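**Student:**
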Amino acid sequence: MIPEVEIIGKRLGSRGMVVGFDADTVYAVRVGTTPSEVLLAGLHDLAWLRKEGSLLQAIIPQAARPVSGVLIAADLFPPDFASLLPLFSFPCRLFRSIALAGQPFPWLLFEPYPPQVAEEKAVLAEITEAEERFFSSW
Amino acid sequence: MPMSPEPGGKGLREIASYFLSMTPPPRIGLLMLGPNSLNQAGLAIAASLGGAGKRVLLLRSDHQRDGADLIAEPEGGVRQGPLADWKTCNEQLGRAERASDLLLLLLHPENPSLARLLSVLNLLILLLPAESGEVLGAYRLAKRVLVGRRDLSCGVFAEGGSEAAAVLERFLLGLRVFLGLRPLNFGTTPLTCAQEIINLQLESPAEPYFRGNS
Numbered sequence: 031m032i033p034e035v036e037i038i039g040k041r042l043g044s045r046g047m048v049v050g051f052d053a054d055t056v057y058a059v060r061v062g063t064t065p066s067e068v069l070l071a072g073l074h075d076l077a078w079l080r081k082e083g084s085l086l087q088a089i090i091p092q093a094a095r096p097v098s099g100v101l102i103a104a105d106l107f108p109p110d111f112a113s114l115l116p117l118f119s120f121p122c123r124l125f126r127s128i129a130l131a132g133q134p135f136p137w138l139l140f141e142p143y144p145p146q147v148a149e150e151k152a153v154l155a156e157i158t159e160a161e162e163r164f165f166s167s168w
Numbered sequence: 003m004p005m006s007p008e009p010g011g012k013g014l015r016e017i018a019s020y021f022l023s024m025t026p027p028p029r030i031g032l033l034m035l036g037p038n039s040l041n042q043a044g045l046a047i048a049a050s051l052g053g054a055g056k057r058v059l060l061l062r063s064d065h066q067r068d069g070a071d072l073i074a075e076p077e078g079g080v081r082q083g084p085l086a087d088w089k090t091c092n093e094q095l096g097r098a099e100r101a102s103d104l105l106l107l108l109l110h111p112e113n114p115s116l117a118r119l120l121s122v123l124n125l126l127i128l129l130l131p132a133e134s135g136e137v138l139g140a141y142r143l144a145k146r147v148l149v150g151r152r153d154l155s156c157g158v159f160a161e162g163g164s165e166a167a168a169v170l171e172r173f174l175l176g177l178r179v180f181l182g183l184r185p186l187n188f189g190t191t192p193l194t195c196a197q198e199i200i201n202l203q204l205e206s207p208a209e210p211y212f213r214g215n216s
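Those protein sequences? They're chains E and P, same order as listed. Residue numbers for the first sequence, in the numbering used here: 31 to 168. Residue numbers for the second sequence, in the numbering used here: 3 to 216.
This is the structure in structure tokens:
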């Protein structure tokens, strides 16, 4: 389960797989790649998805749109991996696979990577002047 | 039960696993609010718990796997294992957990899985730097972590002399006043910290941390 992404896992032509889609983006990976290779595959082979536009429309007409992107799910990402995202000209979303307590093991879930920090929480976590005085002047 | 004659062989391990507890051990997070050298404080606390007769398994994200063994068992030291493999269905990790009285998780505020890890803890101990000049930075990190988890049982520890004691008092007061928490005082030596942990008699969690096959 990936938040906001409907997973379909449909084969696209002979080269790729449409993993799923969300409100804006169709996500795809090339067949035969491991998670760590997916990004590279996406960089080199995004063109194949565009070429398969008509096929894509036939498979998921409700999701077919001109934008397309790469979805990567992995246990671990290299350090600073997420900082590469703005460099890409196409949407790319990263997810870390997780399992929640109380769930049977094979039932894997995914969480966004890097973790999303809610704006409200970030504001709450800001240090106030009173706190700064209390902890810095003694 | 099949047995193998050689010491430490499969048969012996099977006998040992037969007597392992089926109750998951309590889990305590040791959150380093400062330089990485604070992991020494975590190790010292774990060693003190071991010295007090507790079977401790210390899990850390920077654990280096030693060949085929996931668990490092230095002679006279604390057993250590990986933090990141918690979701793997690994028999060795599951067995090591069941053979422990306490699971210590050495945590860093930047750990991307911290929010999830906090949710499996019985207790969170903040490891503070002993220098007063680093207190504001430590508080900044602590607030970021705790602001959404005021329900979590937590305490503070700073290893050292009078300056560490002053840091501890300042932090205890600050957490009470600004975050509305009621933190526990785990003292300034690993020994006192270990004793406080033992005195708490933490309850066992409902689910094990590792889901082994056996």
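We put the CB at the ideal spot given by N, CA and C, even for glycine. Just so you know, these numbers come straight off a predicted model, no measurement behind them.
Determine the chain P residues that contact E/PHE125 at a beta-carbon separation under 7 Å, and present them in chain order.
**Tutor:** Taking the first residue of the first sequence as position 1, residue 125 of chain E is located at position 95. Simply none; closest approach about 12 Å.
**Student:** Counting only beta-carbon separations shorter than 8 Å, does P/LEU119 have a partner in chain E?
**Tutor:** In the second sequence, residue 119 of chain P corresponds to position 117, counting from 1. Output row for P/LEU119: interface = no.
**Student:** Chain P partners of E/PHE164, CB-CB under 7 Å?
**Tutor:** Position 134 of the first sequence holds residue 164 of chain E. Simply GLY176.
**Student:** So, at 6 Å on beta carbons, what are the nonlocal neighbours of E/ARG126 in its own chain, with the 5 sequence-adjacent residues on each side left out?
**Tutor:** Counting from 1 along the first sequence, the entry for residue 126 of chain E is found at position 96. Taken in chain order, the residues that qualify are GLU141, TYR143.
**Student:** Is there a Cβ of chain P sitting closer than 8 Å to that of E/ILE157, yes or no?
**Tutor:** By 1-based counting over the first sequence, the position of residue 157 of chain E is 127. Output row for E/ILE157: interface = yes.
**Student:** So, is P/ALA160 buried or exposed, given that buried needs 16 or more other C-beta atoms within 10 angstroms?
**Tutor:** Within the second sequence, numbered from 1, the residue matching residue 160 of chain P stands at position 158. P/ALA160 comes out buried.
**Student:** Where DSSP assigns a beta bridge to P/LEU105, which residues make up the other side?
**Tutor:** For this step, residue 105 of chain P is matched to residue 103 along the second sequence. Looking at the DSSP assignment, P/LEU105 forms a beta bridge with P/ARG29, P/LEU59.
**Student:** Consult DSSP for P/GLY157 and reduce its assignment to one of helix, strand or coil.
**Tutor:** Position 155 of the second sequence, counted from the start, is the residue given in the question as residue 157 of chain P. Note: P/GLY157 maps to strand in three-state DSSP.
**Student:** Quick check on the DSSP output: the alpha helix (DSSP H) that includes E/LEU85 runs from which residue to which?
**Tutor:** Within the first sequence, the letter at position 55 stands for residue 85 of chain E. It spans 83 to 89 - the alpha helix (DSSP H) in which E/LEU85 sits, taken as one unbroken run.
**Student:** Considering only the beta carbon of each residue, do E/ILE89 and E/LYS40 sit closer than 8 Å?
**Tutor:** Residue numbering aside, residue 89 of chain E sits at position 59 when the first sequence is read from its first letter. Residue numbering aside, residue 40 of chain E sits at position 10 when the first sequence is read from its first letter. Against a cut-off of 8 Å, the Cβ pair of E/LYS40 and E/ILE89 comes out as a contact.
**Student:** Hey, how far is the Cα of E/VAL59 from the Cα of P/ARG62?
**Tutor:** Position 29 of the first sequence, counting from 1, holds the residue named residue 59 of chain E. Position 60 of the second sequence, counting from 1, holds the residue named residue 62 of chain P. One C-alpha to the other measures close to 33 Å.
**Student:** Would you decide whether E/GLY50 is buried or exposed? Buried here means 16 or more other CB atoms lie within 10 Å of its CB.
**Tutor:** The sequence position of residue 50 of chain E within the first sequence is 20, counting from 1. Buried, since its Cβ has 16 or more Cβ neighbours within 10 Å.
**Student:** What's the C-alpha gap between E/TRP168 and P/GLY163?
**Tutor:** For the purposes of this step, residue 168 of chain E is taken as residue 138 along the first sequence, with counting starting at 1. For the purposes of this step, residue 163 of chain P is taken as residue 161 along the second sequence, with counting starting at 1. The straight-line gap from Cα to Cα measures roughly 17 Å.
**Student:** Report all residues from its chain with a CB closer than 6 Å to the CB of E/GLU82; omit the five preceding and five following residues, and keep chain order.
**Tutor:** By one-based count along the first sequence, residue 82 of chain E stands at place 52. Around E/GLU82: LEU42, GLY43.
**Student:** Assuming the contact rule is C-beta atoms closer than 8 Å, P/GLU179 and P/VAL137 should be a hit. Round their C-beta distance to whole Å, please.
**Tutor:** For the purposes of this step, residue 179 of chain P is identified with residue 177 of the second sequence, where counting begins at 1. For the purposes of this step, residue 137 of chain P is identified with residue 135 of the second sequence, where counting begins at 1. The sequence shown places Val at residue 179 of chain P, not Glu. Not really, about 14 Å apart at Cβ, beyond 8 Å.
**Student:** What does a CB cutoff of less than 8 Å around P/GLY182 pick up in its chain, not counting 5 residues either side in sequence?
**Tutor:** Taking the first residue of the second sequence as position 1, residue 182 of chain P is located at position 180. Once the five neighbours on either side are set aside, the close Cβ partners of P/GLY182 are ARG152.
**Student:** Round the Cβ separation of P/GLY31 and P/LEU107 to the nearest angstrom and send it over; I've been treating them as touching at under 8 Å.
**Tutor:** If you number the second sequence from 1, residue 31 of chain P lands on position 29. If you number the second sequence from 1, residue 107 of chain P lands on position 105. Correct: roughly 5 Å between the Cβ atoms.
**Student:** Does DSSP put E/PRO121 in a helix, a strand or coil?
**Tutor:** By one-based count along the first sequence, residue 121 of chain E stands at place 91. E/PRO121: coil per DSSP, three-state reduction.
**Student:** Give me the Cα-Cα distance between P/GLU171 and E/GLU162, rounded to the nearest whole angstrom.
**Tutor:** One-based indexing of the second sequence puts residue 171 of chain P at position 169. One-based indexing of the first sequence puts residue 162 of chain E at position 132. So the alpha carbons of these two residues sit roughly 16 Å apart.
**Student:** Give the DSSP-derived three-state secondary structure of P/PRO192 in the structure shown.
**Tutor:** Within the second sequence, the letter at position 190 stands for residue 192 of chain P. Helix at P/PRO192.
**Student:** By the three-class DSSP mapping on this structure, what secondary structure does P/PHE180 have?
**Tutor:** Walking along the second sequence from the start, residue 180 of chain P turns up at place 178. Here P/PHE180 sits in helix by DSSP.
**Student:** How is the alpha helix (DSSP H) around E/ARG41 delimited, first residue to last?
**Tutor:** Against the first sequence, residue 41 of chain E aligns to sequence position 11. Element bounds for E/ARG41: not the alpha helix (DSSP H) but the beta strand (DSSP E), 36 to 42.
**Student:** Is P/GLY52 closer than 8 Å to P/VAL80 when the C-beta atoms are compared?
**Tutor:** Residue numbering aside, residue 80 of chain P sits at position 78 when the second sequence is read from its first letter. Residue numbering aside, residue 52 of chain P sits at position 50 when the second sequence is read from its first letter. In this structure, P/GLY52 lies closer than 8 Å to P/VAL80 by Cβ.
**Student:** Applying a beta-carbon distance threshold of less than 7 Å, which residues of chain P neighbour E/PRO144?
**Tutor:** Counting from one through the first sequence, the residue named residue 144 of chain E turns up at place 114. Under the 7 Å cutoff, chain P gives PRO114.
**Student:** Within a Cβ cutoff of 6 Å, which residues of the same chain sit near E/ARG123, ignoring the five residues on either side of it in sequence?
**Tutor:** As a first step, residue 123 of chain E must be located in the first sequence, where it is residue number 93. Cβ within range, chain order: LEU101.
**Student:** Go ahead and pull the three-state DSSP assignment for E/ALA104.
**Tutor:** Here residue 104 of chain E is taken as the residue at index 74 of the first sequence, counted from 1. Strand.
**Student:** Sort out for me which residues DSSP pairs P/PRO84 with in a bridge.
**Tutor:** Against the second sequence, residue 84 of chain P aligns to sequence position 82. Answer is P/ARG62, bridged to P/PRO84.
**Student:** Would you mind sorting P/THR191 into buried or exposed? The rule is 16 or more other CB atoms within 10 Å of its CB.
**Tutor:** In the second sequence, counting from the first residue as 1, residue 191 of chain P sits at position 189. Flag for P/THR191 reads buried.
**Student:** In terms of alpha-carbon separation, which member of E/ALA160, E/ASP105, E/ALA104, E/ILE38 lies closest to E/LEU86?
**Tutor:** Mapped onto the first sequence, residue 86 of chain E falls at position 56. For E/LEU86, the nearest C-alpha among the options comes from E/ILE38.
**Student:** Would you mind reading off the limits of the beta strand (DSSP E) that contains P/LEU128?
**Tutor:** The residue labelled residue 128 of chain P in the question sits at position 126 within the second sequence. Where P/LEU128 is concerned, the enclosing beta strand (DSSP E) stretches over 125 to 130.
**Student:** Under a CB-based cut-off of 8 Å, is P/PHE159 close to chain E?
**Tutor:** By 1-based counting over the second sequence, the position of residue 159 of chain P is 157. So, not an interface residue.
**Student:** Report yes or no: do three or more beta-carbon pairs, one from the segment 201 to 213 of chain P and one from the segment 98 to 116 of chain P, lie closer than 8 Å?
**Tutor:** In short, these stretches touch, since the Cβ pair count reaches three.
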